[in-house]
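Peer 1: This note's numbering runs 1115 ahead of the 1-based position in the sequence shown. A virtual CB, placed ideally from N, CA and C, is assigned to each residue, including glycine. Given the structure is predicted, the values throughout are model-derived calculations rather than measurements. First the structure, which I've put down as structure tokens, then a few questions once you've had a look.
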Amino acid sequence: MSLVVVSNRITRGNANEPITGGLAAALLPIVEKSGAIWVGSSGRVRDGVQKEPFAEIEALGAGALAMLDLPAAHYGGYYEGFANSALWPALHSRADLIRVSQGDYLSYREVNAFMARALLRFRKPDTVFWIQDYHFLALGAELRDLGVDQPVGFFLHTPWAPRDVIEGVPHHRELVEAMLAYDLIGFQTDDDCENFARYLASTLGLSVNDGVVTSQHGTTRIAVFPIGIDVEKFTRQATKAISHPDVSRLRRSLNGEKLAIGVDRLDYSKGLVNRIKAFDRMWTLHPSLARTVSLLQIATPSRGGIEAYGNLQNELARLVSEVNGLHGEVDWTPIRYLNKGFSQTVLAGLYRTAQVGVVTPLHDGMNLVAKEYVAAQNPADPGVLVLSKFAGAANELDTALLVNPHDIDGMARTIATALSMPLIERRMRWEAMMAKLKGGSIQQWFTGFVEALQKARVDREAASRPVSRPPFIWPLRSVSG
Ligand code: G6P
């Protein structure tokens, strides 16, 4: 089998460079080890109608990276437009933020079709295609239109929202019908998979039996594959990174004070405003915690050209400066707020330095920061994870301190509890979480999906074969006298 993995964002795997988003960080180790070809956007665009899509190819561990220039005329409508101003808010149940136009939708479809044409050059008889995330909902259907009959699977890294929110995207029906060209569709959680099945039943009138739906394209399996991390690698990185200059400088600057850490893309789904308000509330309710704990919030900008993201960046900057102005002292800053990315190695060291990890999204497919924070801890003195119950990770990391990110008072109380938790309880909670992480690593996610995809393809082919019937025998006409 030769595997071709496709995602919009890719990473070149330079250990000293930041990686934007959990998807790229998760795919990197599996491409490096499995020898797959990883195809994605180069971040550059090209003018004109390209007959031959241009891809720059380089080695990535045992695998390869193919970086594609996307068509200039459609890139904006595809990426900032339909993918991130219509689909992203809908998938995260923010129907109020959906902005959509027919032009953006057409650009989205154009880029999906363009990617399908580009993938043909990587096709061999034994190729398996694995498409990632909401940027490419229609890519499977485009590949089928080009005659691709190899297994094609899809994994959604975000949540799948309830039906009424999805229907807020005017093109929902065409898109979901196109998705049924995939042999296998994977989700992060049972809730996402159930929402999708309910949509199929209520909107398209298609029922799911034993995880299989039959449509005009044939049969499609839908199933849950919670994504994990490379636990051992992250733990090793964290142990080493503790002596990294950035990490040592942070430790020295703390003067024995405790640290809480939040690391997110600057996105409205991450609950950053509520988190800052919870820290404000905590220092107001417990003035004794001033000077004894500070927050390091890393919020890496992305999708800055979209209005909702620009507004959020301004709102957060204002809020952080208000809270610092209110609780700060001449020699103490309550919140260190950074709008830049850090390499995985440095992040691992920062996580290990912090006594509390705060991961409080309003809604999140999985959230790998939560898993990385746990994997980075010192087993002898682990920190405490404060985790939103609306992150997919809460299904597995159920011994974290689970919070409702809309409840500011509740979060303030829970962060204070985390800070004073006795060592014995911290260890018990952490050990239970580590056992879950080891039982659901990125390697298991990868193998589980690819095996299920190959099986789903075999089942689809079997289901499309005409049922063999006994030969038809013409009845003899009775010859009567
Ligand atoms: C989320 C999405 C990913 C995306 C990442 C970074 O995790 O699920 O598909 O790669 O955000 O987003 P960006 O728009 O900056 O590539």
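#1: Looking at the unbroken beta strand (DSSP E) that takes in Ser1156, where does it start and where does it end?
#2: Among Ala1338, Arg1467, Ala1571 and Ala1276, which has the Cα closest to the Cα of Phe1505?
#3: For Arg1214, which residues of its own chain have a beta-carbon under 6 Å away from its beta-carbon, when the five flanking residues on both sides are left out?
#4: Thinking just about the alpha-carbon of each residue, which of Val1471, Pro1476, Val1473 and Ile1413 is nearest to the one in Gln1459?
#5: Quick test of your reading: Leu1500 and Val1518, contact by CB under 8 Å. State the CB separation rounded to the nearest angstrom.
#6: Could you check what DSSP says for Ala1393 in three-state terms: helix, strand or coil?
#7: Using the beta-carbon count (16 or more within 10 Å), is Asp1260 buried or exposed?
#8: Are the segment 1354 to 1367 and the segment 1463 to 1483 in contact at 8 Å, needing three or more beta carbon pairs?
#9: With Leu1290 as the anchor, note down where its alpha helix (DSSP H) starts and where it stops.
#10: Is the separation between the beta-carbon of Pro1144 and that of Ile1557 shorter than 8 Å?
#11: For Ser1222 versus Gly1255, is the C-beta spacing smaller than 8 Å?
#12: Say whether the segment 1154 to 1162 touches the segment 1566 to 1583, bearing in mind that this needs 3 or more beta-carbon pairs closer than 8 Å, one atom from each stretch.
#13: I'd like to confirm the pairing. Which residues does DSSP put opposite Trp1398 in its beta bridges?
#14: Spell out the partners DSSP gives Val1121 in its beta bridges.
#15: From this set, Leu1299, Ala1210, Pro1204 and Gly1440, which residue's C-alpha is nearest Gln1569's C-alpha?
#16: Which ranges does the beta strand (DSSP E) cover as unbroken runs of at least 3 residues, wholly within the segment 1445 to 1523, from first to last along the chain?
#17: Mind checking whether Val1327 and Asp1395 have CB atoms under 8 Å apart?
#18: Give the secondary structure of Met1182 by DSSP, where H, G and I count as helix, E and B as strand, and everything else as coil.
#19: Let me check you understand the geometry: is the CB of Arg1214 closer than 7 Å to at least one non-hydrogen atom of ligand 1?
#20: Leu1369 by DSSP, collapsed to three states: which one?
#21: Using only the alpha-carbon positions, how far apart do Leu1502 and Gln1303 sit?
#22: Can you give me the Cβ contacts of Asp1241 inside the same chain, cut-off strictly under 7 Å, excluding the 5 residues immediately before and after it?
#23: Just tell me which of Asn1310, Asp1305, Asp1264 and Val1263 has its CA closest to the CA of Glu1282.
#24: Using the Cα positions of Pro1416 and Ala1296, report the straight-line distance between them to the nearest angstrom.
#25: Measuring CB atoms only, is the segment 1414 to 1433 touching the segment 1552 to 1567, in the sense that at least three cross pairs come out at less than 8 Å?
#26: Would DSSP call Arg1380 helix, strand or coil?
#27: In terms of alpha-carbon separation, which member of Gly1218, Ile1246, Gln1217 and Asp1219 lies closest to Ala1231?
#28: How big is the Cα-Cα spacing for Leu1234 and Ala1141?
#29: Is Ser1417 near ligand 1, judged by its Cβ being under 7 Å from some heavy atom?
#30: Using the beta-carbon count (16 or more within 10 Å), is Leu1271 buried or exposed?
#31: Between which two residues does the beta strand (DSSP E) carrying Phe1251 extend?
#32: Count the other C-beta atoms from every protein chain shown that fall within 10 angstroms of the C-beta of Gln1331, then say buried if there are 16 or more, exposed otherwise.
#33: Between which two residues does the alpha helix (DSSP H) holding Ala1174 run?
#34: So for Gln1358, helix, strand or coil by DSSP?
#35: Less than 6 Å between C-beta atoms, sequence neighbours within five positions excluded: which residues of the same chain meet that for Ser1579?
#36: On the criterion of 16 or more Cβ atoms from any shown chain inside 10 Å, does Ile1337 qualify as buried, or is it exposed?
Peer 2: Let me spell this out:
#1: To locate residue 1156, count along the sequence shown from 1; it is residue 41. Taken as a continuous stretch (DSSP letters only), the beta strand (DSSP E) holding Ser1156 covers Ile1152 to Arg1161.
#2: One-based indexing of the sequence shown puts residue 1505 at position 390. Here the closest residue by C-alpha is Ala1276.
#3: For the purposes of this step, residue 1214 is taken as the residue at position 99 of the sequence shown. Cβ within range, chain order: Ser1200.
#4: Against the sequence shown, residue 1459 aligns to sequence position 344. Per the Cα distances, Ile1413.
#5: In the sequence shown, residue 1500 corresponds to position 385, counting from 1. In the sequence shown, residue 1518 corresponds to position 403, counting from 1. Here Leu1500 is actually not in contact with Val1518; their C-beta atoms are around 10 Å apart, not less than 8 Å.
#6: For the purposes of this step, residue 1393 is identified with residue 278 of the sequence shown, where counting begins at 1. In the structure shown, the three-state DSSP call for Ala1393 is helix.
#7: By 1-based counting over the sequence shown, the position of residue 1260 is 145. The residue is exposed, with fewer than 16 neighbouring Cβ atoms inside 10 Å.
#8: Under the three-pair Cβ rule at 8 Å, the segment 1354 to 1367 counts as touching the segment 1463 to 1483.
#9: Within the sequence shown, residue 1290 is the residue found at index 175, counting from 1. From DSSP, the alpha helix (DSSP H) with Leu1290 extends over His1287 to Met1294.
#10: Here residue 1144 refers to the residue found at position 29 of the sequence shown. Here residue 1557 refers to the residue found at position 442 of the sequence shown. Yes, these two residues count as a Cβ contact at 8 Å.
#11: On the sequence shown, residue 1222 is found 107 positions in, with the first residue counted as 1. On the sequence shown, residue 1255 is found 140 positions in, with the first residue counted as 1. Judged by beta-carbon spacing, Gly1255 lies beyond the 8 Å limit of Ser1222, meaning their Cβ atoms are not closer than that value.
#12: No, the segment 1154 to 1162 is not in contact with the segment 1566 to 1583.
#13: Numbered from its first residue, the sequence shown carries residue 1398 at position 283. Assignment of beta-bridge partners to Trp1398 by DSSP yields no partner.
#14: As a position in the sequence shown, residue 1121 is number 6, starting the count at 1. Among the bridge pairs identified by DSSP, Val1121 is matched with Val1154 and Ile1246.
#15: Stepping through the sequence shown from its first residue, residue 1569 is reached at position 454. Checking every option, the nearest Cα to that of Gln1569 belongs to Leu1299.
#16: DSSP runs (the beta strand (DSSP E)) wholly in the segment 1445 to 1523: 1450 to 1453, 1471 to 1474, 1499 to 1503 and 1516 to 1518.
#17: Sequence index remark: in the sequence shown, residue 1327 carries index 212 (1-based). Sequence index remark: in the sequence shown, residue 1395 carries index 280 (1-based). It is not a contact, given that the beta carbons lie outside the stated cut-off.
#18: The residue given as residue 1182 occupies position 67 in the sequence shown. Strand at Met1182.
#19: As a working mapping, residue 1214 is identified with position 99 in the sequence shown. Because no heavy atom of ligand 1 lies under 7 Å away, the Cβ of Arg1214 does not count as near it: no.
#20: For the purposes of this step, residue 1369 is taken as the residue at position 254 of the sequence shown. Three-state result, Leu1369: helix.
#21: To locate residue 1502, count along the sequence shown from 1; it is residue 387. To locate residue 1303, count along the sequence shown from 1; it is residue 188. CA-CA distance, Leu1502 to Gln1303, rounds to 17 Å.
#22: The residue you call residue 1241 lines up with position 126 of the sequence shown. Around Asp1241: Met1116 and Ser1117.
#23: By one-based count along the sequence shown, residue 1282 stands at place 167. The residue from Asn1310, Asp1305, Asp1264 and Val1263 with its alpha-carbon nearest to that of Glu1282 is Asn1310.
#24: Here residue 1416 corresponds to residue number 301 of the sequence shown, with the count starting at 1. Here residue 1296 corresponds to residue number 181 of the sequence shown, with the count starting at 1. The alpha-carbon atoms of Pro1416 and Ala1296 are separated by roughly 34 Å.
#25: Counting Cβ pairs under 8 Å, fewer than three are found: no touch.
#26: On the sequence shown, position 265 is the one that residue 1380 refers to. In the three-state DSSP reduction, Arg1380 falls in the strand class (E or B).
#27: The sequence position of residue 1231 within the sequence shown is 116, counting from 1. The closest CA to that of Ala1231, considering only Gly1218, Ile1246, Gln1217 and Asp1219, is found on Ile1246.
#28: Counted from its first residue, the sequence shown places residue 1234 at position 119. Counted from its first residue, the sequence shown places residue 1141 at position 26. Cα to Cα, Leu1234 sits roughly 22 Å from Ala1141.
#29: Walking along the sequence shown from the start, residue 1417 turns up at place 302. It does: the Cβ of Ser1417 is within 7 Å (strictly closer) of some heavy atom of ligand 1.
#30: Counting from 1 along the sequence shown, the entry for residue 1271 is found at position 156. Around the beta carbon of Leu1271, 16 or more other beta carbons sit within 10 angstroms, so the residue counts as buried.
#31: The residue you call residue 1251 lines up with position 136 of the sequence shown. Run containing Phe1251: none; DSSP gives neither H nor E here.
#32: The residue given as residue 1331 occupies position 216 in the sequence shown. Exposed.
#33: Here residue 1174 refers to the residue found at position 59 when the sequence shown is read from its first residue. Residue range Ala1170 to Leu1175 is occupied by the beta strand (DSSP E) that includes Ala1174, with no alpha helix (DSSP H) assigned at that position.
#34: Here residue 1358 refers to the residue found at position 243 when the sequence shown is read from its first residue. Per the sequence shown, the amino acid found at residue 1358 is Ser instead of Gln. Here Ser1358 sits in coil by DSSP.
#35: Position 464 of the sequence shown holds residue 1579. The beta carbon of Ser1579 sits closer than 6 Å to the beta carbons of Gly1333 from its chain, once the five residues preceding and following it are set aside; these are given in chain order.
#36: Here residue 1337 refers to the residue found at position 222 when the sequence shown is read from its first residue. Counting C-beta atoms within 10 angstroms of its own C-beta, Ile1337 has 16 or more neighbours from the protein chains shown and is therefore classed as buried.
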